[in-house]
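Chains as they are written, first to last, in the numbering used here: chain A, 26 to 321; chain B, 280 to 584; chain C, 4 to 324.
Ideal Cβ positions, reconstructed from N, Cα and C, are used throughout, including at glycine.
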Amino acid sequence: MIKRETLLKEMNEHKRTIKIATWKTFKRNKISFLSSLVILGVGALSVLGIFYTPYDPYKPSFSEALMPPSLMHPLGTDWLGRDILSRIIAGGKYTLGLAFVAIVIGATIGTFLGLASGYYLGLIGATIQRITEVFLILPTLIMATLFAAILGTGLLSTLLAVAIPIIPVYAKLVHSATLRVRNEDYIEAAKLLKKSGPYIMFNHILPNILHIIIVQTTYYMGTGILTVSALGFLGLGVPSPTPEWGTIVGDAKGYIFSYPYVVFIPGILIAIVVVAFNILGDGLREALDPKLRRLL
Amino acid sequence: MQFMKILEAVNVHKYFPLDIFGRKKIRAVDDVSVYVTPSETLAIVGESGSGKTTLGRILSGLIKPDKGKILYKGSGFNGFHGKVQMVFQNPDSSLDPSWQIYDIVSEATNNKSLESVAEALETVGLNPAYVTKYPYELSGGEKQRVAIARAIATEPEVIILDEPVSALDASIRAQILNLLLDLQEKKGYTYVLIDHDLGRVWHISDRVVVMYAGKVVEEGKTEEVFQNPKHPYTMMLLSASTSSIPKPKIHVDIQGELPSLINPPSGCRFRTRCPFAQEKCKTEEPQLYSTSSEHKVACHLFEKF
Amino acid sequence: MKLLEVEDLSVEYHLPQGKVKAVDEVSLTIDKGEVVGVVGESGSGKSTLAHAVIRLVRPPGKIVGGRVLFNGQDLLKLNDEDIRKIRGKEISMIFQDPSSYLNPVYPVGFQIAEVYEAHNNTNMKKLNGEVVSLLKKVRITDSEVRVGSYPYELSGGMKQRILIAMAIALKPKLLIADEPTSALDTTIQAEILSLLNELKEEYGLSILFISHDIGVVSKIADRMIVMYAGKVVEEGPVRRIVEEPLHPYTKALVLATKTARKKKLFSIPGTPPDMFNLPKGCTFYPRCPYAKETCKEWNYKMIRDHEGGVACAIYENTGSS
Numbered sequence: 026m027i028k029r030e031t032l033l034k035e036m037n038e039h040k041r042t043i044k045i046a047t048w049k050t051f052k053r054n055k056i057s058f059l060s061s062l063v064i065l066g067v068g069a070l071s072v073l074g075i076f077y078t079p080y081d082p083y084k085p086s087f088s089e090a091l092m093p094p095s096l097m098h099p100l101g102t103d104w105l106g107r108d109i110l111s112r113i114i115a116g117g118k119y120t121l122g123l124a125f126v127a128i129v130i131g132a133t134i135g136t137f138l139g140l141a142s143g144y145y146l147g148l149i150g151a152t153i154q155r156i157t158e159v160f161l162i163l164p165t166l167i168m169a170t171l172f173a174a175i176l177g178t179g180l181l182s183t184l185l186a187v188a189i190p191i192i193p194v195y196a197k198l199v200h201s202a203t204l205r206v207r208n209e210d211y212i213e214a215a216k217l218l219k220k221s222g223p224y225i226m227f228n229h230i231l232p233n234i235l236h237i238i239i240v241q242t243t244y245y246m247g248t249g250i251l252t253v254s255a256l257g258f259l260g261l262g263v264p265s266p267t268p269e270w271g272t273i274v275g276d277a278k279g280y281i282f283s284y285p286y287v288v289f290i291p292g293i294l295i296a297i298v299v300v301a302f303n304i305l306g307d308g309l310r311e312a313l314d315p316k317l318r319r320l321l
Numbered sequence: 280m281q282f283m284k285i286l287e288a289v290n291v292h293k294y295f296p297l298d299i300f301g302r303k304k305i306r307a308v309d310d311v312s313v314y315v316t317p318s319e320t321l322a323i324v325g326e327s328g329s330g331k332t333t334l335g336r337i338l339s340g341l342i343k344p345d346k347g348k349i350l351y352k353g354s355g356f357n358g359f360h361g362k363v364q365m366v367f368q369n370p371d372s373s374l375d376p377s378w379q380i381y382d383i384v385s386e387a388t389n390n391k392s393l394e395s396v397a398e399a400l401e402t403v404g405l406n407p408a409y410v411t412k413y414p415y416e417l418s419g420g421e422k423q424r425v426a427i428a429r430a431i432a433t434e435p436e437v438i439i440l441d442e443p444v445s446a447l448d449a450s451i452r453a454q455i456l457n458l459l460l461d462l463q464e465k466k467g468y469t470y471v472l473i474d475h476d477l478g479r480v481w482h483i484s485d486r487v488v489v490m491y492a493g494k495v496v497e498e499g500k501t502e503e504v505f506q507n508p509k510h511p512y513t514m515m516l517l518s519a520s521t522s523s524i525p526k527p528k529i530h531v532d533i534q535g536e537l538p539s540l541i542n543p544p545s546g547c548r549f550r551t552r553c554p555f556a557q558e559k560c561k562t563e564e565p566q567l568y569s570t571s572s573e574h575k576v577a578c579h580l581f582e583k584f
Numbered sequence: 004m005k006l007l008e009v010e011d012l013s014v015e016y017h018l019p020q021g022k023v024k025a026v027d028e029v030s031l032t033i034d035k036g037e038v039v040g041v042v043g044e045s046g047s048g049k050s051t052l053a054h055a056v057i058r059l060v061r062p063p064g065k066i067v068g069g070r071v072l073f074n075g076q077d078l079l080k081l082n083d084e085d086i087r088k089i090r091g092k093e094i095s096m097i098f099q100d101p102s103s104y105l106n107p108v109y110p111v112g113f114q115i116a117e118v119y120e121a122h123n124n125t126n127m128k129k130l131n132g133e134v135v136s137l138l139k140k141v142r143i144t145d146s147e148v149r150v151g152s153y154p155y156e157l158s159g160g161m162k163q164r165i166l167i168a169m170a171i172a173l174k175p176k177l178l179i180a181d182e183p184t185s186a187l188d189t190t191i192q193a194e195i196l197s198l199l200n201e202l203k204e205e206y207g208l209s210i211l212f213i214s215h216d217i218g219v220v221s222k223i224a225d226r227m228i229v230m231y232a233g234k235v236v237e238e239g240p241v242r243r244i245v246e247e248p249l250h251p252y253t254k255a256l257v258l259a260t261k262t263a264r265k266k267k268l269f270s271i272p273g274t275p276p277d278m279f280n281l282p283k284g285c286t287f288y289p290r291c292p293y294a295k296e297t298c299k300e301w302n303y304k305m306i307r308d309h310e311g312g313v314a315c316a317i318y319e320n321t322g323s324s
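Right under this line is the structure:
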């Protein structure tokens, strides 16, 4: 006879074994693993930036303006004498943080909508999907620009301008994924057990499409970062002097030929992080694919 | 109580529209009435496309009929009340792949206790230690046992078996059928078996309903229908079977394909494949004629057989 | 010389959990015009065997030993180009689920014509007449119209007939049928079997018929081999195997086909073997009702007589090895 405690322990053990196997598969893709380290590194740096930067990122110092990279200022200084490295460390929390929060909000709302439209179909499903499609006509960046124009500049507006266009993207994604799962017999079996729609959506459909959502979210992080920084670059996002990376690049564009490092360093950093997220997405797709679980 | 119809379909129709205007429809189930009495096994037999699967889903409540009604213990039933359960054909898709066996079975029990889950698994012949496993770690036969455990965990009255062994290896089928017979003996479950294989129907059913192109063509006690078939389609099915069942006096070779369900043939739907078809079969749709107490046939020529 | 002679063929799978010998020194022969059935449970290696004969085994599987002589030529030694000339033309294959083998975006007539084109370099446009008559041959009604049908418009039985048409288009000498009726209804199954029998008569076709259902195999095969855990446990004429099975496993398979009213069916006790951890000695030992202690040490050996053979310790001192 099995005792309850032993049973729970064994079940959790088993779940752990699967998680470990997934982790091992993930590690096998070296480039993807490397990308995740890059992202973690940059993220850690940004968190650091909340508490400490080598120099004050806002305080101008005209005597030290436009100095090339040196020991004192590893990335040089900008036209106001501000240490570029400090500005970048301080700006990470805006670029990455805003993108992260916006995507998470957009993903959550979009997932709810997608689950509902995919599960209920009929009039509810069709309505949600039609509204979604209207929003999907324009590319995310243009949508974001539109919202920014309406909402103005600033942190909250940038957040909304990025989050809102992402909602329909997730709604469509999750709707398609739900369609694939909703006709499976185990869903019918749950209905026979008198389970409600929301119960089935969150306990039977969501767990089986989660891997798709996670992988897509990784890709959309890249999109989010690009959108936040694009808005900043255009002057429609986080306003100067806040050192959001896109804003930095936008402000510095006059210096692109004379003092290129002012423009390129933040730009390249954005590119690296976005590429890292894309590669990470590929690696996660392999690791989380349920079909590969059978080869364990 | 003996003859109370525990589950009954009364004149049910189910059409699946092909376009949004519903002009073209697939008439999957066309005016069908069936019933089952407590602790009996009713078999619904037919080829793919006969409507048997759809009828099964209507009986379980998963599909709502367009016309007609379903009665449970005499009163209308809408939705689910847990007393009618189902075992599905494909063991790979009937268990949620992201759930452990423990959760799959306990979802169906009332008290979610370890004891009731362990008991359910033991009843179907599985080691209770399986609770930690995921469906992909089990074989087809084991998954089907879990599906049965889940169905009986609700303490149902009727279990609809939708081709429960078709997807399993021939050597495993016997085990599962024996289990089902065993359970019925011990707990008195009522079964509705949906299958295309007459060997299995002969093995476990008390009464049989033969379906063709959405309609019932013959029904009655299994022994009677198998030993004394009156519909040419039934004779065709019996002739084609590779199992050791009674063979009909008139051997009818298989010929032809199922007719269109959108525009079925006029009169008797089977006439395009029937070697005995006459003029009347084209113009008049046969009703279910009674040949003896419970044996009914939808064929104009039944008296000749 | 026999049409097909498989000698001690072995196929291994290299999986993360270990090595599996899916096919373990299997031998069989097929004569011209003969139908040989291969029966076994899932995991017995029968499907792998079929794929190995035509060299369709892909990693992580690998053919590790034996010979496959087709008209005297060892198929395992041919280069890729030569084996491709044989596949589809001299030896063709049909599989269990016809949907997976038909391209959903092309009409079926086109897909049949592709078979001709791949081997004969004939112009597609000139092939319509041939394709239509081929469809008639596999008993598809309204063949002139059906040539333009897409796979989704056809039933399972019809799709399987299309596959059979593709398989016999170039008049092969050997047809390998891997569970062709397992996904079909019993009535359609009967039709397909009768069609195959007819084609066999007309074309002098040899067939290697794989199935888990000994009842189905006995309706079409002349001779049969029974596989268990990768090895052949019995072989012989279908009549003898079905009426007087020798190996305990074969006996169980035959008993399992007997149906009775409301009585318990016979079922094979125990569970299929764990291919990563096969028992020592006779692999069937844990489930065998006649098992003796000595079976645990028994070395695999086929004991033959004039009609066939059996691999079981019980018969050790009879027949010849």
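Quiz item: Do B/Ser522 and C/Thr253 have their C-beta atoms within less than 8 angstroms of each other?
Solution: no
Exercise. Sort C/Val220, C/Gln99, C/Ala186 by Cα distance to C/Gly40 and report the nearest one.
Key: C/Val220
Quiz item: Short check: CB of B/Val403 to CB of B/Ala387, under 8 angstroms?
Solution: no
Practice problem: Below 6 angstroms CB to CB, which residues in the same chain sit around A/Ala296 once its five sequence neighbours on both sides are set aside? | Solution: none
Quiz item: Taking all protein chains shown into account, do 16 or more other C-beta atoms lie within 10 angstroms of the C-beta of C/Thr144, making it buried, or fewer, making it exposed?
Solution: exposed
Quiz item: With distances taken between CB atoms, is the gap from C/Ala180 to C/Ile228 smaller than 8 angstroms?
Solution: no
Quiz item: At a Cβ threshold of 8 angstroms, is B/Leu477 touching chain C?
Solution: Chain C contact via Cβ: present.
Quiz item: Relative to the C-alpha of B/Ile323, which residue among B/Asp298, B/Ala430, B/Arg486 is closest?
Solution: B/Arg486
Quiz prompt | Cβ separation of C/Val14 and C/Ala25, assumed to be a contact under 8 angstroms, to the nearest whole Å | solution = Rounded to whole angstroms, the Cβ separation of C/Val14 and C/Ala25 is 5 angstroms, and the two are in contact under 8 angstroms.
Quiz prompt | Supposed close pair C/Pro101, C/Gln163 - CB separation, criterion 8 angstroms | solution = 5 angstroms
Quiz prompt | Any chain D beta carbon closer than 8 angstroms to C/Phe269 | solution = Here the protein chains are A, B and C, and chain D is not one of them.
Quiz item: For the segment 200 to 217 of chain A, which residues have a beta carbon sitting closer than 7 angstroms to at least one beta carbon of chain B?
Solution: Glu209, Asp210, Tyr211, Glu213, Ala214, Lys216, Leu217
Quiz item: With 8 angstroms set as the bound, which would you pick, yes or no: does the beta-carbon of C/Lys265 sit closer than that to a beta-carbon of chain B?
Solution: yes
Practice problem: Hey, could you find the ends of the beta strand (DSSP E) B/Tyr441 is sitting in? | Solution: The sequence as given places Asp at residue 441 of chain B; Tyr does not occur at that position. Here the beta strand (DSSP E) through B/Asp441 covers 437 to 441.
Quiz item: When the Cα atoms are used, what is the spatial distance from C/Gly36 to C/Glu201?
Solution: 12 angstroms
Practice problem: List the endpoints of the continuous beta strand (DSSP E) containing B/Asp309. | Solution: 304 to 315
Practice problem: Reducing DSSP to helix, strand and coil, say where A/Thr267 ends up. | Solution: coil
Quiz item: Which term fits A/Ala255, buried or exposed, when burial requires 16 or more other beta carbons within 10 angstroms of its beta carbon?
Solution: Classification for A/Ala255: buried.
Exercise. List the DSSP bridge partners of B/Tyr351.
Key: B/Leu286, B/Ser354
Quiz item: Which residue spans inside the segment 397 to 450 of chain B form an unbroken beta strand (DSSP E) run of at least 3?
Solution: Note on the segment 397 to 450 of chain B: whole beta strand (DSSP E) runs with a minimum of 3 residues are 437 to 441, in chain order.
Quiz item: Looking at C-alpha atoms only, which residue of C/Gly46, C/Phe73, C/Gln99 is the closest neighbour of C/Phe279?
Solution: Closest in C-alpha terms to C/Phe279, from the list C/Gly46, C/Phe73, C/Gln99, comes C/Gly46.
Quiz item: Does the segment 191 to 203 of chain A come within contact of the segment 155 to 168 of chain A, defined as at least 3 CB pairs closer than 8 angstroms?
Solution: yes
Quiz item: Quick one: does B/Met280 have its CB under 8 angstroms from some CB of chain C?
Solution: At B/Met280, the pLDDT of 44 sits below 50, so the modelled position is not reliable; the number obtained from the coordinates is stated separately. Chain C contact via Cβ: absent.
Quiz item: Which one of B/Gly330, B/Leu460, B/Ile299, B/Thr320 has the shortest CA to CA distance from C/Pro268?
Solution: The residue asked about is misnamed: residue 268 of chain C is Leu in this sequence, not Pro. It is B/Leu460.
Quiz item: Is C/Gly2 buried or exposed, if buried means 16 or more other CB atoms sit within 10 Å of its CB?
Solution: Residue 2 of chain C falls outside the range modelled here, since chain C spans only 4 to 324, and no answer is possible.
Quiz item: Just reading off the alpha helix (DSSP H) that A/Phe58 is part of, what are its end residues?
Solution: Boundaries of the alpha helix (DSSP H) around A/Phe58: 55 to 76.
Quiz item: Can you find a C-beta in chain A that's less than 8 angstroms from the C-beta of B/Asp375?
Solution: yes
Practice problem: Determine, using beta carbons only, whether A/Leu163 and A/Thr243 come nearer to each other than 8 angstroms. | Solution: no
Self-check item: Own chain partners of C/Glu147 with C-beta closer than 6 angstroms, once the 5 adjacent residues on each side are dropped
Solution: Around C/Glu147: Val135.
Practice problem: Kindly list, in the order they appear in chain A, the residues whose Cβ is closer than 7 angstroms to that of B/Glu386. | Solution: Leu218
Quiz prompt | Residue range of the unbroken alpha helix (DSSP H) whose run includes C/Leu211 | solution = C/Leu211 -> not in any alpha helix (DSSP H); beta strand (DSSP E) instead, spanning 209 to 214.
Quiz item: Where DSSP assigns a beta bridge to C/Asp181, which residues make up the other side?
Solution: C/Ile213
Exercise. Could you please tell me which residues of the segment 121 to 149 of chain C, in chain order, have their CB closer than 8 angstroms to any CB of chain B?
Key: Flagged, chain order: Thr144.
Quiz prompt | Simplified DSSP assignment, three categories, for C/Gln163 | solution = helix
Quiz item: What residues match up with B/Pro296 in a beta bridge as DSSP calls it?
Solution: Per DSSP, B/Lys304.
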